[in-house]
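Novice: So the sequence lines, in the order shown, correspond to chains A and B. Heads up: the first sequence is residues 1 to 107, going by the working numbering. Heads up: the second sequence is residues 108 to 214, going by the working numbering. Mind having a look at this structure? Questions to follow.
Number of protein chains: 2
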Amino acid sequence: MRPLFHPALEDVQPEAILHALSDPVRAAIFARIAGTGCVDACRAVSAVGDRVIPKSSLSSHFKVLREAGLIRCERHGVEMRNHSRCTEVDARFPGLLSAIMSAYARV
Amino acid sequence: MRPLFHPALEDVQPEAILHALSDPVRAAIFARIAGTGCVDACRAVSAVGDRVIPKSSLSSHFKVLREAGLIRCERHGVEMRNHSRCTEVDARFPGLLSAIMSAYARV
DNA sequence: TCGGTAGTTCCGAAATTCCGAACTATGGGA
DNA sequence: TCCCATAGTTCGGAATTTCGGAACTACCGA
């Protein structure tokens, strides 16, 4: 398997970040990844709230987050490890991610 | 014409805001409204960058912004005046709008 | 009442999202 | 080595959303 595409920090666009996080499921996934530092993808987030997310949907959610520049994914053996790129993104767009995540936390 | 629907501040949802502003055209419209304080709708924003936006698309963009709680629209005679709800929204989600707008400004 | 400007609604085409089923990749035995 | 189980991706069709032109409505001034 060839390595997954990750945008360079300078190619990360605000619209992609907002689009990625405008889906509550993706926002919850991202919050979990950012909160725990690292999450092995699908099994660890197979449900959000009381809603079960199908594998194929999860896979595309991870792809959206990755291509938006929000997470970094690498395969470790049979599972995928996901790390947030919070620190990087915060350097490019100061305060953006924390404002978004605390807006969600407020609801 | 019956008055337009505007969500109460406590019904404003982060996902709606992010979705509304994840479209660069809407973000540009909102920036113009927030910047000038008030914009008479379509004529004043009939183009974003070098791209002309059809009236019907503009109309639905304004609707999305309004229903997300980002702007307040009222008819004055033949034209529609749009005000940003920045101050209100900032009270509910501190720092969110300014972080988003400065992220766009950075690109 | 007519005419012009501002904006909305309607509706079909295009694009996007959703998710089940089938498939691929990897590692651990036997 | 071969097979199995687990983790995740891809495919494809249905459902939803977005786009934009044409027709329509609302309001004002003359």
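Heads up, the beta-carbon is just placed ideally off N, CA and C, and yes, glycines get one too. What you are looking at is a predicted structure, and each value in this text was computed from that prediction instead of being measured.
(1) With DSSP collapsed to three states, give me the class of B/Ser129.
(2) Quick one: what's B/Met187 bridged to in DSSP?
(3) Going along chain A in order, which residues have a C-beta closer than 9 Å to the C-beta of B/Ala206?
(4) Using a Cβ-Cβ cutoff of 9 Å, what residues of the region 8-33 of chain A are near chain B? List them in chain order.
(5) Nearest chain A C-beta to B/Arg158 closer than 8 Å, yes or no?
(6) My assumption, with CB atoms under 8 Å, is that B/Ala180 sits in contact with B/Ala141. Please give the rounded CB distance.
(7) So for A/Ala8, helix, strand or coil by DSSP?
(8) Listing by chain order, which chain B residues have their CB less than 7 Å from the CB of A/Arg66?
(9) Are the CB atoms of A/Leu9 and B/Ile207 nearer to each other than 8 Å?
(10) For A/Ser56, report the span of its alpha helix (DSSP H) as first-last.
Specialist: In short, the structure shows the following:
(1) Per DSSP, reduced to three states, the secondary structure at B/Ser129 is coil, with no helix or strand assignment.
(2) B/Met187 is bridged by DSSP to B/Arg182.
(3) Phe93, Pro94, Gly95, Leu96, Leu97, Ser98, Ala99, Ile100
(4) Gln13, Pro14, Glu15, Ala16, Ile17, Leu18, His19, Ala20, Leu21, Ser22, Asp23, Pro24, Ala27
(5) No, because no Cβ of chain A sits closer than 8 Å to the Cβ of B/Arg158.
(6) What sits at residue 180 of chain B in the sequence shown is Cys, not Ala. About 14 Å; that fails the 8 Å criterion.
(7) coil
(8) Per Cβ cutoff of 7 Å: no residues; A/Arg66 is ~17 Å from chain B at best.
(9) no
(10) 55-67
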